[in-house]
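Position 180 of the sequence shown, counting from 1, maps to 188 under the working numbering, and the rest follow consecutively.
Idealized CB from N, CA, C, for every residue including glycine.
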Amino acid sequence: MRIVVIGEAMLEYKAHSPASGLAYGGDTLNTAIHLARIGHHVQYISALGRDPISAALRQTWRNEGIDTQYVLVHPSRQPGIYAIHNDETGERSFLYWRNQSAAKDMFSLPEIDTALAALKDADLLYYSLITLAILSDEARHRLLQATRDFVAQGGRFAFDGNYRPTLWDSHDQAVGFCQAAAAIATIGLPTSSDECLMHSKVLSAEDVAQIWLSSGTKELAVKTG
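Here's what the structure looks like:
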C-alpha cells in the first residue's frame, strides 16, 4: 500500500529519565515509521531546515524506510522542539518551542505543489488535527480541499483527532476544523480523553463514535487507552 502522511516532526527532549537527551517524535511521524516498519511504502510530507540536525533527521527517517523526497527544505527555519514531563501517575505534559518550526510554514514553499501532487499515486492519506493546528488558515483550507479531491478520486483518508488546545487561537476554531476533516474521513481515529476535553463534558466511547459518525466519518476506532 502507498501511504502519504502529512505533519510535523519535532525534536524531543526527554528530561529526568535514564534516556535524557534529544530524540525525535510527533504523532504523524510516529505513525509513518510504524507503517513503514510493517512494509508499506510511506511518503512523509513535512519541512525541516538546512541545519545539520535537520539533515540527520532526514537520514534517520530514510533508514526507517520512509520516503523523504517531500520533506521540504525551508531556507530560514529549523525543526520545532518539545519537552515531555511525566507526573507521579505517569500522565504526560508537553512544553513546546515551535513558533519558527519549518513544518508550520511548509505550505509557503513552492515545492508543496509537487508534494501534494504525489497524492494521485497514493492509496491512503493520513494526518491529524495537530497537522491542521500548526498551519495557517489558508493552508488548512488548502489541505482540506486537496483531501476532498483525493477522496473523490477514490483515495482513503485516515484522520486522527489529536486535540491540543494551546495550538489553536480558539476552541471554536479547533472544533470547526476537526469537524471539517471528520466529514471527509474514510477512517476516523478519535481519542476519548481528547474528545471529552474538546466538548467539555464526559463522553463514553459510544458518544464519541456517534459524534464522528454524525459528522460524516465512514468508519472509526475510538482510542480509550
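- Annotation: the segment 105–141 contains the following complete segments of the alpha helix (DSSP H) (minimum length 4 residues), in chain order: 120–125.
- In this structure, the alpha-carbon of L127 lies about 30 Å from that of D180.
- For the pair G15 and L43, the CB atoms are not nearer than the 8 Å cut-off.
- If you draw a straight line from the Cα of Y135 to the Cα of N94, it comes to about 26 Å.
- When DSSP states are grouped into helix, strand and coil, N94 belongs to the strand group.
- Annotation for A44: the continuous alpha helix (DSSP H) segment containing it runs D35 to R45.
- At a cut-off of 3 residues, the continuous stretches assigned as beta strand (DSSP E) that sit fully inside the segment 130–211 are 132–136, 164–168 and 195–197.
- Judged by DSSP in its simplified three-state form, S84 adopts coil rather than helix or strand.
- Counted as a single uninterrupted DSSP element, the beta strand (DSSP E) harbouring V50 occupies residues H49 to L56.
- Annotation: the continuous alpha helix (DSSP H) that includes I219 extends over A213 to S223.
- Counting only the Cα atoms, F115 lies some 26 Å from A91.
- For A31, same chain residues with a beta-carbon under 6 Å away, outside a window of 5 residues either side, are E20 in chain order.
- Below 8 Å, enough C-beta pairs join the segment 155–165 and the segment 194–202 to call them touching: three or more.
- Taking a cut-off of 8 Å for Cβ pairs, the segment 169–176 and the segment 62–81 do not touch, as fewer than three such pairs fall below it.
- Taking a cut-off of 8 Å on C-beta distances, the segment 95–107 does not touch the segment 56–67, as fewer than three cross pairs fall below it.
- Of the residues assessed, P198 falls on the buried side of the cut-off, its CB having 16 or more other CB atoms within 10 angstroms.
- Apart from sequence neighbours up to five positions away, the residues of its chain that approach S101 with a beta-carbon distance below 6 Å are H93, ordered along the chain.
- In the DSSP annotation of this structure, the continuous segment of the alpha helix (DSSP H) that includes I61 starts and ends at P60 to N71.
- With contacts defined as CB atoms closer than 8 Å, Y52 and T76 qualify as a contacting pair.
- The C-beta distance from F185 to R156 rounds to 14 Å, too long to fall under 8 Å, and the pair is not in contact.
- Residue state for M9 is assigned as coil, using DSSP reduced to three classes.
- Looking only at I219, L140 and A55, the smallest Cα-Cα distance to I120 is reached by A55.
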